[in-house]
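J.: Residue numbers (UniProt numbering), protein chains in the order written: chain A, 1 to 153; chain B, 1 to 153. Idealized CB from N, CA, C, for every residue including glycine.
Number of protein chains: 2
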Amino acid sequence: MSSDRTPAGNAFAAFAISVLRLAGHLQTAGDALAKPAGQTSARWQVLAAADHAPMSVADAGRALGMTRQGVQRVADLLERDGLIVYAENPAHQRAKLMVLTDGGKAVLAAIRARQAVWADALGEALGEKGLLQATETVIAALQAVEKQSIPER
Amino acid sequence: MSSDRTPAGNAFAAFAISVLRLAGHLQTAGDALAKPAGQTSARWQVLAAADHAPMSVADAGRALGMTRQGVQRVADLLERDGLIVYAENPAHQRAKLMVLTDGGKAVLAAIRARQAVWADALGEALGEKGLLQATETVIAALQAVEKQSIPER
DNA sequence: CTCATATTGACAACATGCTGTCATTCTGCG
DNA sequence: CGCAGAATGACAGCATGTTGTCAATATGAG
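1. Using 8 Å as the threshold, is the C-beta distance between B/Ala134 and A/Val138 below it?
2. Pull up the distance between the alpha-carbon of B/Asp102 and that of B/Val71, whole angstroms please.
3. Pull up the DSSP beta-bridge partners for B/Asn89, would you.
4. What residue range is occupied by the uninterrupted alpha helix (DSSP H) comprising B/Thr28?
5. Pick helix, strand or coil for B/Leu131, following the three-state DSSP scheme.
6. Cutting at 7 Å between CB atoms, please list the residues of its own chain near A/Leu33, excluding the five before and the five after it.
7. With A/Ala53 as the anchor, note down where its alpha helix (DSSP H) starts and where it stops.
8. Which same chain residues, not among the five before or five after A/Thr40, have their C-beta less than 7 Å away from its C-beta?
9. Can you find the residues in the same chain that come closer than 7 Å, C-beta to C-beta, to A/Val74, ignoring five residues on each side of it along the sequence?
10. Is the separation between the beta-carbon of B/Leu142 and that of A/Phe15 shorter than 8 Å?
11. Which residues of chain A have a Cβ atom closer than 9 Å to the Cβ of residue 178 of chain B, listed in chain order?
12. Closest Cβ-Cβ distance between B/Val145 and chain A: below 8 Å?
13. Check whether the Cβ atoms of A/Asp120 and B/Ala87 sit closer than 8 Å, and answer yes or no.
14. What residues are listed by DSSP as bridge partners for A/Ile84?
15. Flag A/Gln133 as yes if its beta-carbon sits less than 8 Å from any beta-carbon of chain B, otherwise no.
16. Between B/Arg21 and chain A, is any beta-carbon pair separated by less than 8 Å?
17. Closest to residue 181 of chain B by CA distance: which of A/Gly127, A/Asp59, A/Leu22 is it?
18. Would B/Ser56 pass as an interface residue toward chain A - the criterion being a Cβ-Cβ separation below 8 Å?
19. Whose Cβ in chain A lies nearer than 8 Å to the Cβ of B/Asp4?
20. Could you list which residues in chain B have their beta carbon closer than 7 Å to that of A/Gly24, in chain order?
21. Identify the contact partners of A/Leu142 in chain B, using a Cβ-Cβ distance below 9 Å as the criterion.
22. Using a C-beta to C-beta distance shorter than 9 Å, which residues of chain B count as neighbours of A/Pro90?
23. To the nearest angstrom, report how far apart B/Met55 and B/Ala95 are at their CA atoms.
24. Can you name the residues of chain B whose CB is closer than 7 Å to the CB of A/Ala106?
25. Straight-line CA distance for A/Ala60 to A/Leu78?
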C-alpha cells in the first residue's frame, strides 16, 4: 500500500500531507482574522507588503511569491476600496507605487492586533522550543523541495 | 514592528509563514508529479480517495477536507476522461459511487511511482528523525488551530 | 407508516491564483 | 545616441475551491 518507499520516504510523505492540511487551516484562520476588517488573507498580504515599503505591483508579487497578475487584481480591489493609492514612481513611469491610505493603515493595524492575540495563544499552547525546531525542518524542506527538480518523465 | 507579540507568539507566526510557503511548493511539486500522467494534484487526490474505497462524491469531500461541490467538479472531469465511472450505489439511489477504471488505476500507479522516488529522495535529504519530530509539531498545530476558534470581533 | 429533517447532486456566482499575450516603458550594451 | 531586450501593467482564459440555492432522495422520530 504505502510502500516501495523507504522509511525516510514515508516520513517525508506523512510530513508533506500534514503540512498541506495545516496550511489549509492556517489559510482559513487568516481569512477569519482579516474578515472583521472586511478583508481576506490575500488582501492582508498585499497591504502588509505595501506598508513595509511603497512598491510596485510587480515588486509585491516577487516579495509574496505570487505572479504580478495575481497581485494586480487584489491591488485594484484595494484601491477601489480606498485602502491604497497608486502614487507616481519617480523611477518608472508605468510602475506606480502602492501606498497605504490612512484607512488602509487602520485596517492593517486592526488585523495585526487580532493576529497577535491569536499567534500568542497558539504559541503558548504549542511551546516556543518545538515551534522553532519544527520551523527549522520546514525551512530545510522548503530549500530541499526547491532544489529537488522533478524529472519531466 | 513584529511586536506586541510574545516570543512564543513570534515563533508561531514564523512557523505559520514557513508552513504556508512550503505548502505552496508542495502543491507545485504535486502538480509536477501528476503532470506526466496528464493529471493535477486535485485529480490525483480524488483518484486516490476513490481507489482507497469506492465512495460517493460527498464522502470524498469529507475525506479530503473539501466541499462536495469542489470534488464534484473534479470527479466529473475524471469521468469525462475515463479514469473513473459512477457505479450504482445499492445503499443510495442518488449518491453514485466513484470507481476507478483500469485506465484510472494505471494513471494512479504511474503517479505513485514517481511520488515514491521523489519522497524517498527528500526523505533521505532531510532525515527521518527530524521529519518525524516536525510532523508531530505540525499535527499538534493542526489540532490547536482547529480548537482555537477565532472570535467574531 | 408519515412527515420533518438531513443528505446528496446539480447549478450558479464568486474569490483566488495561474499562464499566455500584448503594448508600453525602461535599461543597458555597443 | 540608438536599439534590442527586459520589465511592467492590462486583458483574456483557465483551474481550483468556496458559498448559496434547489430539488430529489434517505433517514429517523413519533
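T.: Checking against the coordinates, here is how it stands:
1. Yes, the Cβ-Cβ distance between B/Ala134 and A/Val138 is below 8 Å.
2. A direct Cα-Cα distance of roughly 21 Å separates B/Asp102 from B/Val71.
3. B/Asn89 is bridged to B/His92.
4. First-last of the alpha helix (DSSP H) with B/Thr28: 7 to 34.
5. Looking at B/Leu131 - three-state DSSP - the assignment turns out to be helix.
6. Taking A/Leu33 as the centre and dropping the five residues before and after it, the same chain places the C-beta of Ile111, Arg114, Gln115, Trp118 closer than 7 Å to its C-beta, in chain order.
7. Premise fails: A/Ala53 is in no alpha helix (DSSP H) and is neither H nor E.
8. Beyond the five residues adjoining it in sequence on each side, A/Thr40 comes within less than 7 Å, by CB distance, of Asp31, Ala34 in the same chain, given in chain order.
9. These residues qualify, in order along the chain: Ala42, Arg43, Val46.
10. Cβ atoms of B/Leu142 and A/Phe15: not closer than 8 Å.
11. The question about residue 178 of chain B has no answer here: the residues shown for chain B are numbered 1 through 153.
12. At least one CB atom of chain A sits nearer than 8 Å to the CB of B/Val145.
13. Note that the C-beta distance between A/Asp120 and B/Ala87 is not below 8 Å.
14. Beta-bridge pairing links A/Ile84 to A/Leu100.
15. So, interface residue.
16. Closer than 8 Å: yes.
17. Residue 181 of chain B lies beyond the residue range present for chain B, which begins at 1 and ends at 153; the question has no answer from this structure.
18. Chain A, which has no Cβ nearer than 8 Å to the Cβ of B/Ser56, makes this no.
19. Within chain A, the residues near B/Asp4 are Ala113, Ala116.
20. Under the 7 Å cutoff, chain B gives Gly65.
21. The contacting residues are Ser18, Arg21, Leu22, His25.
22. Simply none; closest approach about 26 Å.
23. B/Met55 and B/Ala95: Cα-Cα distance of roughly 9 Å.
24. Those do not exist, as A/Ala106 stays about 15 Å from chain B at its closest Cβ, beyond 7 Å.
25. Roughly 14 Å separates the two Cα atoms.
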